[in-house]
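Heads up, the sequence shown is in the numbering used here, so the first residue is 1 and it goes up one at a time.
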Amino acid sequence: MHALYAVFGQPIAHSLSPCIHAMFATQFGVALDYRAIEAARDDFARALDAFAQEGGIGANITLPLKQDALAVCVELTDRARRCGSVNTLVRITSGWHGDSTDGAGFLGDLRERQSFDPRGRRCLLLGAGGAARAVAFALADADVATLAIANRTRARAEDLATAIGDASRVRPIEWSALDDVGTFDLIVHATAAGHGTAPLEWPPSLVTPSTLCYDLAYGDAAHAFLRAAREAGAPRVTDGLGMLIEQAAASFAIWHGRTPDTTPVFDALRSERPLAIDGA
Ligand code: ATR
Numbered sequence: 001m002h003a004l005y006a007v008f009g010q011p012i013a014h015s016l017s018p019c020i021h022a023m024f025a026t027q028f029g030v031a032l033d034y035r036a037i038e039a040a041r042d043d044f045a046r047a048l049d050a051f052a053q054e055g056g057i058g059a060n061i062t063l064p065l066k067q068d069a070l071a072v073c074v075e076l077t078d079r080a081r082r083c084g085s086v087n088t089l090v091r092i093t094s095g096w097h098g099d100s101t102d103g104a105g106f107l108g109d110l111r112e113r114q115s116f117d118p119r120g121r122r123c124l125l126l127g128a129g130g131a132a133r134a135v136a137f138a139l140a141d142a143d144v145a146t147l148a149i150a151n152r153t154r155a156r157a158e159d160l161a162t163a164i165g166d167a168s169r170v171r172p173i174e175w176s177a178l179d180d181v182g183t184f185d186l187i188v189h190a191t192a193a194g195h196g197t198a199p200l201e202w203p204p205s206l207v208t209p210s211t212l213c214y215d216l217a218y219g220d221a222a223h224a225f226l227r228a229a230r231e232a233g234a235p236r237v238t239d240g241l242g243m244l245i246e247q248a249a250a251s252f253a254i255w256h257g258r259t260p261d262t263t264p265v266f267d268a269l270r271s272e273r274p275l276a277i278d279g280a
């Protein structure tokens, strides 16, 4: 029997994780059984127990279960505890050990694939939900000059800035003040607005001819933000496909002790999924 892994989420049918981990495993000749398991929040703990009973030794966790995963862990890494979510579980004798590779995945894609060094840069994060948190901590740790956080519900942006606790660099700003805060080197879109019908409104005055605009989502969900970014004059725009692959590679390394080459995996998946504004 092959070693058993899975990704848990809801919905999960279209998750790319089984495909990504299969491609990584092929690079090392590792045999694994990596499944996609659909679980509602109120059924997650039971589904995870059943998975462990079956021999499951590692799992990725995606929406909407990342905070529930934190709660089931007997042990957490500092980075998972700080950003309040878990995307990687490792089976240990006493239960589950939890980690979060989202922030490292984001920085890996930013630095390597986008050739963007965040040190000393002015950064803006749109959103303060689960997806935004890991990115906010990662950017703060990466020595950005400033990180402004704007969120529809201001209190959530304030809570996130307070949790990071570096008021000289990291500050919440009013969404309505975005017209008047100057420009940014990096704008990260981390709201769920791309999944809905109402487009997100943000002023083009935030963008310069060298701003990188990065949507954490990929596929159609990234379309509205990336289109608005291009129309605002941003020369560089990207979606979250690279981050997805980099966080998966970091999980793979935790489980298997080997770091996969993400470039051929990214190239294969990108050729099937062009940026939402470049595709047909
Ligand atoms: P996720 O894990 O995907 O980040 P979440 O924790 O529910 O999901 O957070 C969703 C984020 O998208 C929040 O920042 C939310 O803003 P609020 O905190 O005000 O709810 C943001 N969001 C969702 N729909 C939005 C919309 N139509 N316009 C602007 N922000 C939106």
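Glycine residues also receive a C-beta, built at the ideal position from the N, C-alpha and C atoms.
For A280, is the classification buried or exposed, using 16 other Cβ atoms within 10 angstroms of its Cβ as the cut-off for buried?
Legend: pLDDT at A280 = 47, less than 50; position of this residue unreliable, value from coordinates given subsequently. A280 should be labelled exposed.
Buried or exposed: where does E54 fall if 16 or more other Cβ atoms within 10 Å of its Cβ makes it buried?
exposed
Is the separation between the beta-carbon of L125 and that of A131 shorter than 8 angstroms?
no
Closest to E75 by CA distance: which of L65, I92 and Q67 is it?
I92
Taking only three categories from DSSP, how would you classify F8?
strand
Looking at the secondary structure, which residues open and close the alpha helix (DSSP H) in which T208 lies?
No alpha helix (DSSP H) holds T208; DSSP gives it neither H nor E.
Determine the extent of the alpha helix (DSSP H) in which T26 is found, giving its start and end residues.
S17 to F28
Collapsed DSSP secondary structure at H223 in the structure displayed:
helix
Report yes if the C-beta of T208 is less than 7 angstroms from at least one heavy atom of the ligand ATR; otherwise report no.
no
Return the chain-ordered list of same chain residues with a C-beta closer than 8 angstroms to the C-beta of R41, the five sequence neighbours on each side being excluded.
Q10, P64, L65 and D68
From what residue to what residue does the beta strand (DSSP E) around A36 run?
L32 to E38
Go through the stretch 119 to 160 residue by residue and report every complete run of the beta strand (DSSP E) that reaches 3 residues or more, in order.
122 to 126 and 146 to 150
Contiguous alpha helix (DSSP H) assignments of at least 4 residues, all confined to the stretch 240 to 266:
241 to 256
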